[in-house]
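K.L.:
Could you have a look at this structure, given as structure tokens, before my questions?
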Amino acid sequence: MDCTTEEIAKHNDASSCWIIIKNEVYDVTEFLSIHPGGPSIILKYAGSDATSAYDPIHPPDTIQKNLSPSQCLGPLITTTNTTDRKDRVPVEQTQDEMRVEREMKRRPPLNRVLNLGDIEDIAKRVLPYPVQAFYSAGTDDEFSLRENARAFDRFFFHARVMRPVSSCDPSTKILGYDSSLPVFVSGAAQAILGHPEGELNITRACGNASIIQMVCTFASIPRAQIAAAMLPSQTLFFQLYKITDTAATAKVVREAEELGYKAIFLTVDAVVVGNREKDVRSLWVMEEQEGKTQYYVEGDPEATTNLSGSSAVNRRNVFDPDLSWKETIPWLRSITKLPIVLKGIQCVEDAVLAAEAGVEGILLSNHGGRQLESSLPPLEVLYRIRQQRPDVFDRLEVYIDGGIRRGTDVIKAICLGATAVGLGRPFLYALSAYGEAGVIKLLDILRREITISMRLLGAASIRDLTLEVVERVDWEPVRRRIGKL
Ligand SMILES: Cc1cc2nc3c(=O)[nH]c(=O)nc-3n(C[C@H](O)[C@H](O)[C@H](O)COP(=O)(O)O)c2cc1C
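Shown next, in the form of structure tokens:
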């Protein structure tokens, strides 16, 4: 392979994109469409050295994890021209980067942030467009994404009055670990795209607030570094993707256990990656904005169709598509002593199978509407389990995530039998908009909303949040606002 700078410079667009990182040359053409931060940031360095942009924000093993050996083209061959860097074209700020800079200066002070919708609005304004698209994307027409949140609007309270609530305690236990609220962080990868300190913002804020954080297999900060940042009293859970390389997965599980993570949340709703068109389109949106739009030319073969995150990931067979009740859980049990929770249960039947399989918990989730379109909102699944198979709640802990944005959402889920609820995007938005201070603010808002509503409901503790105080209506309430943007 000719890895001279002259040759590399020819591969400078989406049809063939080579970059140099630490004097090694990579063909990232296929990777463009699955780069969590979107392709435009890579394209900015297409045909040149991307080390300065790559190095500060990526864990050391990112390349090994994401590129196949055939995409690693070899060491950079230095010619006389390349040692003289004067001929290099300086990288200019894109329109989007200038917009982000302006918006960061316009952020309101935190005391003007009232709710999670406000945080989401601000984050969407200050995030680079491709990152905003990656974080907010749902699958297909984003129907499940919207309905996840709307499902909460169909439940109303039967408030009880004349009950002493001067002392109101929203704390609980999750898998036996203390949590100051019935809330945890559902792991959402690539926090570093929103803030240079990535997941660490969440770790620090959660440590002080006694909230449990689930850390992803594909977290953007090494899991050891996250574990090193936790307080002695703090609890971390680990989100596991079972990949086709079983031995490699087992190594990850053992490492997580040794690092002190307290439970394994095995994600079961992502055997392939969902069809997230917003994510794919963000490349074209950016091209248009920067004046590099490609137009259809009569007679051209279909150029790079660029069909999504999914295709490239699938080609490399990252996720194991053959998870099964018979094999996967006994295998996982055989390699770890940690409690096992299945993340991504989407119907009553599978909740029952999980109980029969003897796992310690299930997280009812459709991945925040990012996987199967028209998967039932997790709150509806919770309601159906409560109606049809209440015995499940005696056999394992049940959690839900997806669309939870208000203290009342949390309370409704607890009333229906959930032990706790997870939030994904809100943590990403909070850290993107305000770093660690944003995450602290988010938890303060939730705590305030939960305790106000518990008091108004006549509940002095989580034990008072029972099925009797919540009712599902069959009329369609007015559509909820999830965020202005
Ligand atoms: C940007 C992003 C990345 C995510 N990454 C993962 C992941 O790596 N593993 C996983 O199991 N779930 C992942 N999720 C799903 C979350 O764990 C969670 O199920 C979902 O965000 C909950 O919905 P919510 O965002 O409406 O709160 C991700 C979600 C988002 C938005």
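The working numbering applies: residue 303 is where the sequence shown begins, and numbers increase by one. Cβ atoms here follow ideal geometry from the backbone N, Cα and C, with glycine treated the same way. Since this is a predicted model, take the numbers as computed values, not measurements.
(1) Should histidine 460 go down as buried or exposed, given a rule of 16 or more other Cβ atoms within 10 Å for buried?
(2) Give the secondary structure of lysine 312 by DSSP, where H, G and I count as helix, E and B as strand, and everything else as coil.
(3) Are isoleucine 322 and alanine 352 touching if we call contact CB-CB under 8 Å?
(4) Under 7 Å Cβ to Cβ from valine 661, same chain only, skipping five residues before and after it: list those, please.
(5) Kindly indicate which residue of Ser481, Leu412, Arg688 has the alpha-carbon position closest to the one of isoleucine 764.
(6) Looking at C-alpha atoms only, which residue of Val485, Pro341, Leu542 is the closest neighbour of alanine 316?
(7) Counting Cβ pairs, one atom from each stretch, are 3 or more of them under 8 Å apart for the region 768-781 and the region 714-722?
(8) Under the criterion of a Cβ to heavy atom distance below 7 Å, does arginine 672 qualify as lining ligand 1?
(9) Given a cut-off of 8 Å on the beta-carbon distance, is the pair glycine 509 and threonine 569 in contact?
(10) Is it a yes or a no for the region 489-509 touching the region 469-476, going by three-plus beta-carbon pairs under 8 Å?
(11) Among the residues of its own chain, which have a CB less than 7 Å from the CB of threonine 638, if the five just before and after it don't count?
(12) Can you tell me which residues form a DSSP beta bridge with methionine 797?
(13) Measure the Cβ-Cβ separation of valine 428 and methionine 406 and say whether it is below 8 Å.
(14) According to DSSP, is alanine 614 helix, strand or coil?
(15) Once you ignore the five residues that flank serine 584 on each side, which residues in its own chain have a CB closer than 7 Å to its CB?
(16) Between which two residues does the alpha helix (DSSP H) containing proline 632 stretch?
(17) Distance check for serine 370 and arginine 404, CA to CA, integer angstroms please.
(18) Let me know the secondary structure DSSP gives methionine 516 once reduced to three states.
(19) When every heavy atom of ligand 1 is checked, does at least one fall within less than 7 Å of the C-beta of arginine 727?
(20) So is glycine 376 buried or exposed if we call it buried at 16+ other beta carbons inside 10 Å?
(21) Roughly how many angstroms lie between the CA atoms of leucine 674 and glutamate 682, to the nearest whole one?
P.N.:
The relevant details are as follows:
(1) Taking the sequence shown and counting its residues from 1, the one referred to as residue 460 is at position 158. By the 10 Å Cβ count, histidine 460 comes out exposed.
(2) In the sequence shown, residue 312 corresponds to position 10, counting from 1. Residue state, collapsed to three classes: helix.
(3) Numbered from 1 along the sequence shown, position 20 holds the residue referred to as residue 322. Numbered from 1 along the sequence shown, position 50 holds the residue referred to as residue 352. Yes. Within cutoff.
(4) Reading the sequence shown from its first residue, position 359 is the one you call residue 661. The answer, listed in chain order, is Ile631, Ile642, Val643, Leu644, Leu698.
(5) For the purposes of this step, residue 764 is identified with residue 462 of the sequence shown, where counting begins at 1. That would be Ser481, whose Cα lies nearest to the Cα of isoleucine 764.
(6) On the sequence shown, position 14 is the one that residue 316 refers to. Comparing Cα positions, the closest option is Pro341.
(7) Yes: the two stretches touch, three or more of their Cβ pairs being nearer than 8 Å.
(8) On the sequence shown, residue 672 is found 370 positions in, with the first residue counted as 1. The answer is yes for arginine 672.
(9) In the sequence shown, the residue the question calls residue 509 occupies position 207. In the sequence shown, the residue the question calls residue 569 occupies position 267. It is not a contact, given that the beta carbons lie outside the stated cut-off.
(10) no
(11) On the sequence shown, position 336 is the one that residue 638 refers to. So the qualifying residues of the chain are Val555, Glu559, Ile566.
(12) Because residue 797 is not part of the residues shown, which for the chain are 303 to 787, the question remains open.
(13) Looking up residue 428 in the sequence shown gives position 126. Looking up residue 406 in the sequence shown gives position 104. A contact, by the Cβ cut-off of 8 Å.
(14) Residue numbering aside, residue 614 sits at position 312 when the sequence shown is read from its first letter. Residue placement at alanine 614 cannot be trusted, given a pLDDT of 39 that sits under 50; what the coordinates show is reported in the next sentence. It is helical.
(15) Locating residue 584 in the sequence shown gives position 282, where the first residue counts as 1. Excluding positions up to five away in sequence, the list reads Gly340, Tyr431, Pro432, Ala435.
(16) Residue 632 sits at position 330 when you count from the first residue of the sequence shown. Element bounds for proline 632: 630-637.
(17) The residue you call residue 404 lines up with position 102 of the sequence shown. The residue you call residue 370 lines up with position 68 of the sequence shown. The alpha-carbon atoms of arginine 404 and serine 370 are separated by roughly 38 Å.
(18) For the purposes of this step, residue 516 is identified with residue 214 of the sequence shown, where counting begins at 1. Strand.
(19) Position 425 of the sequence shown, counting from 1, holds the residue named residue 727. Yes, the beta carbon of arginine 727 sits closer than 7 Å to at least one heavy atom of ligand 1.
(20) Locating residue 376 in the sequence shown gives position 74, where the first residue counts as 1. Exposed, since its Cβ has fewer than 16 Cβ neighbours within 10 Å.
(21) The residue you call residue 674 lines up with position 372 of the sequence shown. The residue you call residue 682 lines up with position 380 of the sequence shown. So the two alpha carbons sit approximately 16 Å from each other.
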